[in-house]
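J.: Take a look at the following structure, please.
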Amino acid sequence: MNLLRAASTVSLLTLASRVTGLVRELLVGAGFGASGLTDACNVAFRIPNLLRRLFAEGAFSQAFVPILAATRERDGDEATRQLIDAVATVLFWVLLVTVLVGVVGAPVVVWAMASGLARFDESVLMTRWMFPYVGFMSLVALSAGVLNTWRRFAIPAATPVLLNLAWIAAALWLAPWFARVGVQPIYALPVGVMVGGVLQLALQVPALARLGPLPRVGLTPARLRAAWRHPGVHRVVRQMAPALLGVSVAQLSLLINTQIASHVGVGAVSWLSYADRLMEFPTALLGVAVGVVLLPQLSAAQARDDAQSYSALLDWGLRLVLLLALPCAVALLVFPKALVAVLYHYGAFSERDVQMTVVALMGYGVGLMGLVGVKVLAPGFYAKQDIRTPVRIAIAVLVLTQAMNVVFVPWLGHAGLALSIGAAALVNAGLLLVGLRRRGLYLPQAGWRGFLARVVGVTAILGAGLAAASHLIDWVALRADWALRIGLLAAVLAAAALGYFGLLHIVGIRLREFARRT
């Protein structure tokens, strides 16, 4: 399998997801701006999204995928399918209880997340509507783990597009209808989230069916007891315990920051959310795409006890991250106003909203290399089924993040929250890298100094060009001529991309060198 092609496939499909996600945010920004209601909606969506990252894409995936890949490598497909059935049964029942508790306890959950909300009651109602999304996405995570282990990366990567399309449809058609019948239009967005969750799970079914029998979920207490006795389930649970702690630390940091933002002032939660959407664009395209491809391959190399391939896979991932993430980080730092203005500055989204989102985006940009790097470095521990080391690092980073909040937030307001997250991500990635080196899991291959110097030099030229474009064009003043503004942004970004890869070619770096096969 060509790893670059697999990562590119995931990245391109993730690009489609992020593009539709930006359209989604553009519609919300233009229709609702940054207000008490948008703060309420963002918090309501952040709660199930946080739990999705905590249980589904977080602790569950980190524990399940390495065990699944190792079982398939050592014991074959039949034993692997028995493991999948048992895990699916236990997961289903846990999700059922979680969703019921979440719907009933929504007021407590919202208060814990953002007690300073101006529209608290509206956020509680929207949280109740959206909480079942946790269940759908956790089952999607189970399906994605199976498909990725079988090297079927396309469907899991394309799935998030459906959420965005459902959200867009709700904003375009359902919200105006709600307004006509006297219902608050923003309530259309939770409906879109729920429809998107159903569609994402439905998309997995044909892909899983093509691999063989669909996972069988036991719906009786006897089947649940039998599934719980499966040794693979116990291994997943044992691995999930430290993984849950590790992911909880990251999500606890997000919860604390949301709580602080809700007290900073009206609009702060929304400004951070708009900036976060832009920051997640390169994070998902690069870090998530490479990490999704790496984890099953690292787990298979570990099962074969192939230390050389293990280290080489990590080296491949780190070089690719440097090559593609560094120019994105520079763009967020020197070209943020153009990005925010062109994507969000319409309708109710004011010039002040642009400026407030820009400073938050720059704070995230400081740590983009760390945010992406963690997605590659952490699987180096997960594939070894060592989750305790990343957990210890995450706890230290949480303490550091909040210490920086004490310094930055009184000085920079909501932008200080973003800067704390960005700076802490750099520390997180650095500690993970040191840990892999000390344990001998990663030995850098030859040529790193020259490679680093060439990439940094070309990126510096790129940054100078983007900074010039940012100052020569008044991106905010072009609001009335939206077609010209979009055309100028497209031209600048296209020229930047062509110039960057052209200069890389001149200095001797070829993308085809990354077409590693396994």
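So the sequence shown is numbered by our numbering: it starts at 2 and just counts up by one. We put the CB at the ideal spot given by N, CA and C, even for glycine. From a predicted model like this one, the values you see are computed outputs, not experimental measurements.
If you draw a straight line from the alpha carbon of Leu225 to that of Arg393, how long is it in whole angstroms?
T.: So the alpha carbons of these two residues sit roughly 33 angstroms apart.
J.: Can you say whether Ser531 is buried or exposed, counting buried as having 16 or more other CB atoms within 10 angstroms of its CB?
T.: The structure shown does not extend to residue 531, since the chain is modelled only from 2 through 519, so no value can be given for it.
J.: Classify Pro49: buried if its beta carbon has 16 or more other beta carbons within 10 angstroms, exposed otherwise.
T.: So Pro49 counts as buried.
J.: Of all the options Ala424, Leu38, Phe33, which has the alpha carbon lying nearest to the alpha carbon of Val125?
T.: Measuring from the Cα of Val125, the nearest candidate turns out to be Leu38.
J.: Are the CB atoms of Val408 and Gly417 within a distance shorter than 9 angstroms?
T.: Yes, they are a contact pair.
J.: State the CB to CB distance for the pair Leu118 and Ala41, rounded to an integer number of angstroms; the pair is presumed to be in contact (CB under 8 angstroms).
T.: Contact holds; Cβ gap of about 6 angstroms.
J.: Specify, as a first and last residue, the run of the alpha helix (DSSP H) that Gln446 falls within.
T.: First-last for Gln446: undefined, no H or E at that position.
J.: Between which two residues does the alpha helix (DSSP H) containing Gly371 stretch?
T.: Counting along the chain, the alpha helix (DSSP H) containing Gly371 begins and ends at 369 to 383.
J.: Can you say whether Thr160 is buried or exposed, counting buried as having 16 or more other CB atoms within 10 angstroms of its CB?
T.: Per the 10 Å Cβ criterion, buried.
J.: Tell me, to the nearest whole angstrom, how far the beta carbon of Val135 is from that of Gly103; I am working on the premise that it is less than 8 angstroms.
T.: At roughly 7 angstroms, the Cβ-Cβ gap stays under 8 angstroms, so Val135 and Gly103 are in contact.
J.: Could you check what DSSP says for Trp317 in three-state terms: helix, strand or coil?
T.: Three-state DSSP puts Trp317 in a helix.
J.: In whole angstroms, give me the CA-to-CA distance for Val493 and Ala470.
T.: Going from the Cα of Val493 to the Cα of Ala470 covers about 7 angstroms.
J.: Could you tell me whether the Cβ atoms of Ala304 and Glu123 are closer together than 9 angstroms?
T.: Against a cut-off of 9 angstroms, the Cβ pair of Glu123 and Ala304 comes out as no contact.
J.: Output needed for Gly423: all residues of its chain with C-beta closer than 8 angstroms, excluding positions within five of it in sequence on either side, in chain order.
T.: Only Gly364, Tyr365, Gly366, Val367, Gly368, Leu369, Gly371, Leu372 meet the Cβ criterion.
J.: Does the distance from the CB of Ile388 to the CB of Gly233 come in under 9 angstroms?
T.: Their beta carbons are not under 9 angstroms apart, which means Ile388 does not touch Gly233 by this criterion.
J.: Assuming Val105 contacts Phe121 under a Cβ cut-off of 8 angstroms, what Cβ separation, rounded to an integer in Å, is found between them?
T.: Not really, about 17 angstroms apart at Cβ, beyond 8 angstroms.
J.: What span of residues does the alpha helix (DSSP H) with Tyr275 cover, start to end?
T.: 269 to 283 is the extent of the alpha helix (DSSP H) around Tyr275.
J.: For the segment 346 to 353 and the segment 468 to 488, state whether three or more C-beta atom pairs, one from each stretch, are separated by less than 8 angstroms.
T.: Touching, yes.
J.: Taking the alpha-carbon positions, what's the Ile156 to Ala35 distance?
T.: Those two C-alpha atoms are separated by around 34 angstroms.
J.: Where do the ends of the alpha helix (DSSP H) carrying Trp476 lie?
T.: That residue, Trp476, is in no alpha helix (DSSP H); it is neither H nor E in DSSP.
J.: For Ala425, which residues in the same chain have their Cβ closer than 6 angstroms to its Cβ, ignoring the five residues on either side in sequence?
T.: Excluding residues within five positions, the ones whose Cβ falls inside 6 angstroms are Val398, Leu401, Thr402.
J.: Does DSSP put Gln260 in a helix, a strand or coil?
T.: Correct three-state label for Gln260: helix.
J.: May I have the straight-line CA-CA distance separating Val192 from Val270, to the nearest angstrom?
T.: Spanning the two alpha carbons is a distance of roughly 21 angstroms.
J.: Give every residue of the same chain whose Cβ lies closer than 6 angstroms to the Cβ of Leu212, excluding the five residues on either side of it in the sequence, and list them in chain order.
T.: Result list for Leu212: Trp151, in chain order.
J.: For Gly103, does the three-state DSSP call read helix, strand or coil?
T.: If DSSP states are grouped into helix, strand and coil, Gly103 belongs with the helices.
J.: Applying the 10 Å Cβ sphere with the 16-neighbour rule, what's the burial state of Thr390?
T.: Thr390 is buried by the Cβ-count criterion.
J.: Does the Cβ-Cβ distance between Asp86 and Val218 come in under 9 angstroms?
T.: The answer is yes: Cβ separation under 9 angstroms.
J.: Within 10 Å of its beta-carbon, does Gln309 have 16 or more other beta-carbons around it, so buried, or fewer, so exposed?
T.: Gln309 is exposed by the Cβ-count criterion.
J.: Could you tell me the boundaries of the alpha helix (DSSP H) in which Asp387 lies?
T.: It is not in any alpha helix (DSSP H) - Asp387 carries neither H nor E in the DSSP assignment.
J.: Return the chain-ordered list of same chain residues with a C-beta closer than 6 angstroms to the C-beta of Phe1, the five sequence neighbours on each side being excluded.
T.: Because the chain here runs from 2 to 519, residue 1 falls outside it and cannot be looked at.
J.: What are the start and end residues of each continuous alpha helix (DSSP H) run of 4 or more residues lying completely inside the segment 132 to 184, in chain order?
T.: Whole alpha helix (DSSP H) segments, 4+ residues: 134 to 150, 155 to 159, 161 to 170, 176 to 181.
J.: In whole angstroms, what is the alpha-carbon distance linking Ile474 and Ala332?
T.: If I take the Cα positions, the gap works out to 16 angstroms.
J.: Helix, strand or coil for Gly348, going by three-state DSSP, please let me know.
T.: If DSSP states are grouped into helix, strand and coil, Gly348 belongs with coil.
J.: In whole angstroms, give me the CA-to-CA distance for Gln446 and Leu499.
T.: Cα to Cα, Gln446 sits roughly 28 angstroms from Leu499.
J.: In the DSSP assignment, the alpha helix (DSSP H) including Ser540 goes from what residue to what residue?
T.: Because residue 540 is not part of the residues shown, which for the chain are 2 to 519, the question remains open.
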